[in-house]
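Going from the sequence shown to the working numbering is simple: count from 1 and add 704. Virtual Cβ for every residue (Gly too), placed ideally from N, Cα, C. All values derive from a computational prediction rather than experimental measurement. The structure under discussion appears below in the form of structure tokens.
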Amino acid sequence: MLRRDFLNFLGKVGVVSLPLGIAPFGLLSSCSNSKQTNDLKRLGIEPSTEDNLILIDGLDYEVLCAWGDSINNVDYFGYNNDYTAFIPIDNDSAIFWVNHEYPKPLFVSGYQGGLKTKEQVDKELYNVGGSILKIKRTQAGKWKVVKGDKLNKRITGHTKIPFYWDEAIFGKSAAMGTLGNCSGGVTPWGTILTCEENYDAFYGEAIIQDGERTTSDPFLQYNKYYDNPPEHYGWVVEVNPLTGESKKLVALGRFMHECATIQELDDGRLVVYTGDDTNNQCLYKFISDKPGSLKEGKLYVASLEQKKWLSLDINDNEALKEHFKTQTQVQIRTREAAHFIGATPLDRPEDIDIDPITGDVFISLTNNKDKGNAHGSILKLHEKEGDKSSLEFDYEHFLTGGPESGFTCPDNLAFDKKGNLWFTTDMSGYLVGVPPYESFGNNGLFVFFRSGPHQGQLAQIASAPVDAELTGPTFSPDGKTLFLSVQHPGEYSKSLKDLSSDWPDKNGAIPKPAVVSIQGPFLDSLV
Ligand code: FEO
Ligand code: CA
Ligand code: CA
């Protein structure tokens, strides 16, 4: 974008002061921040309730792949795209991974009530998991899917996936499929981590009371045809994007994993941060025993009160030993173990990303309506002496949502090449326009500038179609393309004849989740 146009764009919009509780990058909250806090402004596009993907001037999008698009002779792109990952092959080609979180039965299987048929269940299970796509850059600089490439594959709710653990999990060494695939991560060796989040919707949840196990009723009815135990879901799954070979990482614990953000230590061991996205659930950190493998290591959970990571190793804690018989039990019932040893309940920890400049860990706490926290915040965690293997940390609330700050319910995070923090928002679709969310319009994409002429200011970059959430922001390595998932447009459509959205095809078509590629001078100005 020409500088003049960029300033015009900024000049077009109103300016709103952000509330207290916001600190610039690299500074801890203190009175020294007060000047910067007063200077913070909200810029960018106006909130909108239009049924479109609206972008600021200087950016355009193309659909890269939409639900139902054929990817090879037998497979098609799944539903509700979420996390995306870009694994470069060379300068102009890459493997592109996409999570598929959950189906909307009305669209995916035609289900409209009553008992589901096996065919409907199978169709819905096919539409979750992930897609592996080869993508290529054209001479015009646009990224396109290479349809029919031998790398293109689907991982689904039917794929057999072994547990990466020496003991069986609920009697089996492998699970049927992966599901609830929300956010994720990429390992230093180029495999994908895909996280099983709201797994209880599929096969329910196991409930242990007075030593007795019962299971809750799932609402997707899959257990009528497949007798899969809930214990087989709620894991982080590692996928080799070259082969599709997958394994469930038992060592990282079982809960509603939002994401798995990985960092390599100087000695080659790995640290993985992962949040449990439910009201009053916790933040975890795994430290591997060895380089190059996530099979063995220790899982820790955060106590914000103590500013410490607490070990979930049964041998480190007498109380755990009294409550659980084996480490495998702790891994399966991680939530219970975490609360048992005094972990801090948080306001729905969602995505996590690591500041490429300071190494600080940023965590979205999206909201906790039960506690009256409607708008959420972004937490910044600083490991002691910047050492990711440290068991002590400091923290602060970096950005706080609310009408004054112009954003609410932060979710997915991504840093660009300049270290600016991008994030998406996730109001539940039925809350759009409803107090206390009436000023926000549809869900959006925002950037918080860390440097340059707008340092310390927040801009809304995109507004989502009706009922949709923007998820899975990933920058290409050159920073000139932003891949973004548009998830669940038209989710609250009442019937095929009463659609709340017709994005992206428009003209009354059934809405489709799709991954878009975004380019333009606005991004070029940030590389
Ligand atoms: Fe699938 Fe917590 O978002
Ligand atoms: Ca999410
Ligand atoms: Ca969310």
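Where residue i falls, given that 16 or more other Cβ within 10 Å makes a residue buried
| i | result |
| --- | --- |
| P1208 | buried |
| T753 | exposed |
| Q913 | exposed |
| T923 | Looking at the sequence shown, residue 923 is not Thr but Phe. Counting Cβ neighbours within 10 Å, F923 comes out exposed, since fewer than 16 surround it. |
| T860 | buried |
| P1193 | buried |
| V1136 | buried |
| S992 | buried |
| N1211 | exposed |
| D1171 | buried |
| Y1134 | exposed |
| E1195 | buried |
Beta-carbon contacts of residue i that lie in its chain and below 7 Å, excluding the five residues immediately before and after
| i | result |
| --- | --- |
| G1063 | G1090 |
| H1027 | F1044 |
| E766 | K846, V1220 and S1221 |
| V1231 | K1121, D1182, G1183 and K1184 |
| I836 | I799, W801, L855, N856, K857, P945 and G948 |
| N1077 | D1051 and N1071 |
| S1180 | F790 |
Chain-order list of residues whose beta-carbon lies under 8 Å from that of residue i (same chain, five-residue window excluded)
| i | result |
| --- | --- |
| K951 | I865, P866, F867, Y868, V941 and E942 |
| S1199 | L810 and Q816 |
| A905 | Y806, G884, P922, F923 and L924 |
| I911 | R917, T918, T919 and S920 |
For residue i: DSSP bridge partner residues
| i | result |
| --- | --- |
| Y830 | According to DSSP, Y830 bridges with nothing at all. |
| S797 | D794 and K840 |
| I896 | V890 and V943 |
| I865 | A879 |
| G979 | L987 |
| H1232 | Since the displayed the chain opens at 705 and closes at 1231, residue 1232 lies outside it and no answer follows. |
| A1163 | L747 and V1151 |
| S1189 | T1175 and V1219 |
| V1005 | Y988 and L1014 |
| D1051 | N983 |
Own chain partners of residue i with C-beta closer than 6 Å, once the 5 adjacent residues on each side are dropped
| i | result |
| --- | --- |
| F1127 | P1114, L1117 and F1150 |
| G972 | P995 |
| N776 | G852 and N856 |
| F990 | L956, V976, G1001 and L1003 |
| Q1159 | F1153 |
| A1213 | D1206 |
Backbone CA spacing between residue i and residue j [nearest angstrom]
| i | j | result |
| --- | --- | --- |
| D981 | E1054 | 5 Å |
| P797 | G833 | Note that residue 797 is Ser in the sequence shown, not Pro. Going from the Cα of S797 to the Cα of G833 covers about 23 Å. |
| K1011 | N795 | 43 Å |
| Y830 | E900 | 15 Å |
| K1216 | L1174 | 13 Å |
| T1070 | V1190 | 18 Å |
| D764 | M1131 | 24 Å |
| F874 | D1020 | 24 Å |
| G888 | G894 | 13 Å |
| S1015 | L1162 | 37 Å |
| W771 | L953 | 28 Å |
| Q1164 | A872 | 48 Å |
| E656 | V1034 | The question about residue 656 has no answer, for the chain in this structure spans 705 to 1231. |
| Y903 | G1156 | 42 Å |
| A964 | Y783 | 21 Å |
| D826 | K808 | 13 Å |
| Y1141 | T1112 | 8 Å |
| A1168 | A844 | 26 Å |
From the options, residue whose alpha carbon lies closest to that of residue i
| i | options | result |
| --- | --- | --- |
| T1178 | S1205, L1227, E1022 and L1003 | L1227 |
| G748 | A1218, L1103 and G1110 | G1110 |
| W1013 | N777, D1202 and E1096 | E1096 |
| K999 | V975, F1152 and L1008 | V975 |
| L757 | A1166, K1201, N983 and D1206 | A1166 |
| I1067 | E1108, E1009, Y988 and T788 | Y988 |
| Y907 | Y930, G1105, A1168 and V778 | Y930 |
| C886 | E1009, H961 and E1108 | H961 |
| D773 | T898, A1218 and K1088 | A1218 |
| Y787 | Q1031, I896 and G1105 | I896 |
| P667 | I760, D755 and S1204 | The question about residue 667 has no answer here: the residues shown for the chain are numbered 705 through 1231. |
| S877 | E909, R841 and P933 | P933 |
Below-8 Å beta-carbon distance, residue i vs any chain B residue
| i | result |
| --- | --- |
| G948 | Chain labels in this structure do not include chain B; a single protein chain is all it has. |
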